[in-house]
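Structure first, commentary second.
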Amino acid sequence: MKSDIEIALEAEMHSIRDIASKLSLATDDFEPYGHYKAKLSDGLLNKLSARPTGKVILTTSINPTPAGEGKSTVTVGLGQALNRLHHQAMIALREPSLGPTMGIKGGAAGGGYSQVVPMQEINLHFTGDIHAITTANNALAAFIDNHIHHGNQLQIDPRRVEWKRVLDINDRALRQVNIGLGGPTQGVPREDGFTITVASEIMAILCLANDLQDLKERLARIVVGYTYNKEPVTVHQLGFEGALTLLLKDALKPNLVQTLENTPAIIHGGPFANIAHGCNSVMATKIAAKLADYVVTEAGFGADLGAEKFLDIKTRAGEFEPAAVVIVATIRALKMHGGVDKNGLIEENVEALKQGISNLKKHIETIDQFNLPFVVAINKFPTDTEAELGFLLEWCNANHVEAAVADVFSKGGEGGIELARKVIESCEKKTSPLAYTYELEDTIEEKIHKIVTKIYGGSKVDFSQKAKKQLLQLHKEGHNKLPICMAKTQYSLSDDPELLGRPEGFTVTVRELRASVGAGFIVALTGDVMTMPGLPKKPAALNMDVTDAGLITGLF
162 MKSDIEIALE AEMHSIRDIA SKLSLATDDF EPYGHYKAKL SDGLLNKLSA
212 RPTGKVILTT SINPTPAGEG KSTVTVGLGQ ALNRLHHQAM IALREPSLGP
262 TMGIKGGAAG GGYSQVVPMQ EINLHFTGDI HAITTANNAL AAFIDNHIHH
312 GNQLQIDPRR VEWKRVLDIN DRALRQVNIG LGGPTQGVPR EDGFTITVAS
362 EIMAILCLAN DLQDLKERLA RIVVGYTYNK EPVTVHQLGF EGALTLLLKD
412 ALKPNLVQTL ENTPAIIHGG PFANIAHGCN SVMATKIAAK LADYVVTEAG
462 FGADLGAEKF LDIKTRAGEF EPAAVVIVAT IRALKMHGGV DKNGLIEENV
512 EALKQGISNL KKHIETIDQF NLPFVVAINK FPTDTEAELG FLLEWCNANH
562 VEAAVADVFS KGGEGGIELA RKVIESCEKK TSPLAYTYEL EDTIEEKIHK
612 IVTKIYGGSK VDFSQKAKKQ LLQLHKEGHN KLPICMAKTQ YSLSDDPELL
662 GRPEGFTVTV RELRASVGAG FIVALTGDVM TMPGLPKKPA ALNMDVTDAG
712 LITGLF
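If you want my numbering, it's the position in the sequence shown, counting the first as 1, plus 161.
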């Protein structure tokens with residue numbers, strides 16, 4: 162089979178004006194960025210307010226493994242399948258970060274014959290949204306240091322500046338840096354550091370804002386650091402929320418593209434799910450729901466991370482509920498959760514599958530706790546055997562779990578027809594409101610404990626001495642009613658990436674708490690999760706090139 166980039170470059174794309182016309186958009190509802198991309202107008206959501214709202218379908222998965230789950234691929238394939246069944250369907254995805262694109266994980270545009278295109282542009286600079294977020298983030302960092310340099314009227318303690326600079330590439334050397342060296346004219350020396358752009362609070366703010374005014378108000382609330390008296394200092398006190406909003410004005414507009422089968426797709430925002438909230442923008446999802454009968458969207462990594470944050474954070478911010486959930490699983494990944502090494506996955510091993518299925522069972526229980534109907538999508542790989550597929554389908558049937566094999570990688574929308582039919586049926590089964598994991602009135606400790614016990618299946622939460630001090634500070638500042646955004650390894654239900662399958666009785670240690678007041682949540686860091694990842698020994702960038710004729714090669 163051809164590579165993803167080969168398939169994408171051979172795609173017969175429709176002009177973006179034709180895609181917009183398919184959605185009954187007027188010429189002033191979008192702004193073309195070339196032939197195949199467009200920005201949707203910032204007033205479009207308000208303009209569409211009187212339209213009926215379509216059903217939102219959330220795609221999540223089991224805990225990911227190096228074997229791959231193909232969550233984005235299933236999301237795209239399901240959207241294409243819904244259109245093949247003559248429903249008006251759209252897809253809403255996150256924007257890929259250059260960090261994993263150039264590193265190890267790969268892109269986020271789907272794969273095989275279920276991709277969004279132009280894939281090469283989406284996975285690289287796209288419409289410049291992430292660059293705009295990088296610029297706004299680093300502009301704020303410059304404004305803070307400039308304020309300190311020129312008299313420090315707000316009495317910001319240089320030792321307690323919380324705002325870090327960002328870069329959208331994995332660079333471990335920038336995790337901790339010293340700035341302001343070289344004498345009085347070079348600024349005030351202090352320790353600083355970089356995070357990856359997609360972990361910036363500004364990325365989260367962009368994705369949770371409902372409009373331009375909401376964006377500005379959230380930016381104003383950002384806490385950048387503390388005074389010598391340990392009082393918080395905000396962007397509003399510095400006076401730069403207007404300038405930051407200006408830099409993000411165009412980035413706030415969702416991006417319209419298409420799939421290989423010309424199904425409309427909105428791609429906007431891209432926070433990581435292991436260190437941020439892992440969902441595309443509220444505006445993208447809500448606009449898509451006004452333009453289509455069905456919207457297929459995704460949340461990063463497994464249901465313990467992306468889906469929990471989608472349901473406990475994003476739906477609260479956007480004031481909507483999904484109609485159904487798709488839980489993606491693969492035979493390969495389940496066998497790894499059952500103890501098989503990556504190199505042994507091509508061998509049939511029903512016994513390992515039987516052991517690894519405990520991971521899928523926990524994620525099913527998690528989604529069931531939210532009172533949401535769901536379908537398990539078995540994302541088919543060429544190495545899957547009939548015995549393995551048969552066992553998984555029989556297990557689902559015996560446990561009264563709706564399931565369908567999705568062969569969307571090799572067959573596109575046609576390979577997702579059965580899944581699409583079952584998802585439509587599931588959407589009609591939703592009768593009760595979404596049940597959140599915790600109430601906002603719960604204490605910070607209670608919220609984290611409920612996530613750990615109800616979502617992860619753990620038994621206890623320990624807080625480091627640093628986290629305990631931060632708990633007192635957060636309560637003092639009145640931030641204790643905010644939702645929780647857990648920063649945790651994606652590979653395990655626990656905070657230990659080596660504990661695969663379904664570990665039980667474990668303790669999760671919260672080592673640090675950070676208030677993202679503008680975004681509207683508290684980040685709880687666990688394990689050794691880094692907000693600035695590093696590159697692997699052989700980065701994916703080694704395979705990338707461009708020919709003399711401008712043809713891209715090696716991009717997946």
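From the three backbone atoms N, C-alpha and C, an ideal C-beta is built for every residue, glycine too.
From a predicted model like this one, the values you see are computed outputs, not experimental measurements.
For my contact list, residue i and residue j are in at a C-beta cut-off of 8 Å; report their separation, rounded to the angstrom.
{"i": "T236", "j": "V457", "result": "5 Å"}
{"i": "T226", "j": "M497", "result": "4 Å"}
{"i": "L554", "j": "L514", "result": "About 12 Å; that fails the 8 Å criterion."}
{"i": "L696", "j": "M705", "result": "Not quite, the Cβ-Cβ distance comes to about 13 Å (not below 8 Å), so this is no contact."}
{"i": "S587", "j": "N532", "result": "In fact, because the Cβ distance is near 13 Å, the residues do not count as touching under 8 Å."}
{"i": "R493", "j": "F542", "result": "6 Å"}
{"i": "G439", "j": "P257", "result": "The pair is not a contact, with the Cβ atoms about 13 Å apart (cut-off 8 Å)."}
{"i": "T714", "j": "K451", "result": "About 39 Å separates the two Cβ atoms, so there is no contact after all."}
{"i": "K325", "j": "D290", "result": "In fact, because the Cβ distance is near 20 Å, the residues do not count as touching under 8 Å."}
{"i": "S718", "j": "G463", "result": "In the structure displayed, the chain extends from 162 to 717; residue 718 sits before or after that span and is not available."}
Nearest by alpha-carbon distance to residue i: which of the options is it?
{"i": "T220", "options": "K183, T692, F471 and C368", "result": "F471"}
{"i": "L466", "options": "L686, K208, T358 and R326", "result": "L686"}
{"i": "I305", "options": "I294, H292, R320 and A293", "result": "R320"}
{"i": "A460", "options": "A293, V349, A199 and I252", "result": "I252"}
{"i": "E563", "options": "D529, E547 and T544", "result": "D529"}
{"i": "G505", "options": "A181, L205, R178 and A228", "result": "A228"}
{"i": "P261", "options": "I309, G312 and A360", "result": "A360"}
{"i": "A702", "options": "L285, T346 and S222", "result": "L285"}
{"i": "L376", "options": "V684, H561 and D203", "result": "D203"}
{"i": "N520", "options": "A381, L405, R255 and L661", "result": "L661"}
{"i": "K611", "options": "I645, G463 and K583", "result": "I645"}
{"i": "N224", "options": "R336, K698, A250 and K649", "result": "K649"}
{"i": "M280", "options": "I294, A303, L254 and A302", "result": "L254"}
Near residue i, what residues of its chain come up, given a Cβ to Cβ distance below 7 Å and the 5 sequence neighbours on each side ignored?
{"i": "E362", "result": "I383, S677, G679 and A680"}
{"i": "P415", "result": "L201, I427, H429, S442, M444, A445 and I448"}
{"i": "N510", "result": "K496 and V501"}
{"i": "A628", "result": "V671, R672, E673 and L674"}
{"i": "T388", "result": "L315, Q316, I317, D318 and V394"}
{"i": "K615", "result": "Q530 and T598"}
{"i": "E549", "result": "I492, E509, V511 and L514"}
{"i": "I330", "result": "L259, G260 and M263"}
If you drop the 5 nearest sequence neighbours on each side, which residues of the same chain put their C-beta closer than 6 Å to that of residue i?
{"i": "A242", "result": "G574, G577, I578 and A581"}
{"i": "V669", "result": "V613, G619, V622, D656 and T687"}
{"i": "K216", "result": "Y455, A484 and C588"}
{"i": "Y617", "result": "D465 and L654"}
{"i": "N540", "result": "G231, V235, V489, T491 and A567"}
Ignore the nearest five residues each way along the sequence and tell me which others in residue i's own chain have a CB closer than 8 Å to its CB.
{"i": "V278", "result": "A169, A172, M174, Y197, A270, V418, Q419, T420 and L421"}
{"i": "I585", "result": "L243, L246, H248 and Y455"}
{"i": "N207", "result": "D372"}
{"i": "T708", "result": "T714"}
{"i": "Q398", "result": "L315"}
{"i": "F624", "result": "E606, L632, T670 and V671"}
Could you compute how far the alpha carbon of residue i sits from the alpha carbon of residue j?
{"i": "I518", "j": "G499", "result": "7 Å"}
{"i": "F355", "j": "G264", "result": "17 Å"}
{"i": "R212", "j": "Q374", "result": "22 Å"}
{"i": "E547", "j": "E673", "result": "47 Å"}
{"i": "G272", "j": "G238", "result": "9 Å"}
{"i": "G332", "j": "M693", "result": "According to the sequence provided, residue 332 is Asp. The question's Gly does not apply to it. So the alpha carbons of these two residues sit roughly 7 Å apart."}
{"i": "F433", "j": "A567", "result": "26 Å"}
{"i": "K591", "j": "I283", "result": "34 Å"}
{"i": "I507", "j": "T544", "result": "6 Å"}
{"i": "G231", "j": "E392", "result": "46 Å"}
{"i": "G240", "j": "Q276", "result": "11 Å"}
{"i": "I166", "j": "G711", "result": "14 Å"}
{"i": "G666", "j": "P658", "result": "16 Å"}
{"i": "V487", "j": "A565", "result": "10 Å"}
{"i": "H310", "j": "V690", "result": "33 Å"}
{"i": "K523", "j": "C557", "result": "13 Å"}
{"i": "K410", "j": "A437", "result": "22 Å"}
{"i": "I218", "j": "L635", "result": "35 Å"}
{"i": "N307", "j": "K183", "result": "49 Å"}
{"i": "P350", "j": "V338", "result": "11 Å"}
{"i": "F287", "j": "L205", "result": "21 Å"}
{"i": "H292", "j": "N560", "result": "47 Å"}
{"i": "E378", "j": "E192", "result": "26 Å"}
{"i": "T188", "j": "Q347", "result": "49 Å"}
Nearer than 6 Å: is that true of the beta carbon of residue i relative to any heavy atom of the ligand ZN?
{"i": "L246", "result": "Because no ligand of any kind appears in the structure shown, any question about the ligand ZN cannot be addressed here."}
With contact counted as at least three CB pairs below 8 Å, one residue from each stretch, are the stretch 338-352 and the stretch 366-374 in contact?
Too few Cβ pairs lie closer than 8 Å, so no.
message = Pairs of beta-carbons, one from the stretch 638-647 and one from the stretch 600-615, closer than 8 Å: are there three or more?
response = Flag = yes, the stretch 638-647 and the stretch 600-615 touch.
Inter-stretch contact at 8 Å, needing at least 3 Cβ pairs: the stretch 285-299 / the stretch 647-663 = Touching, no.
- Contact the stretch 471-481 vs the stretch 589-598: 3+ CB pairs below 8 Å: Yes, the stretch 471-481 touches the stretch 589-598.
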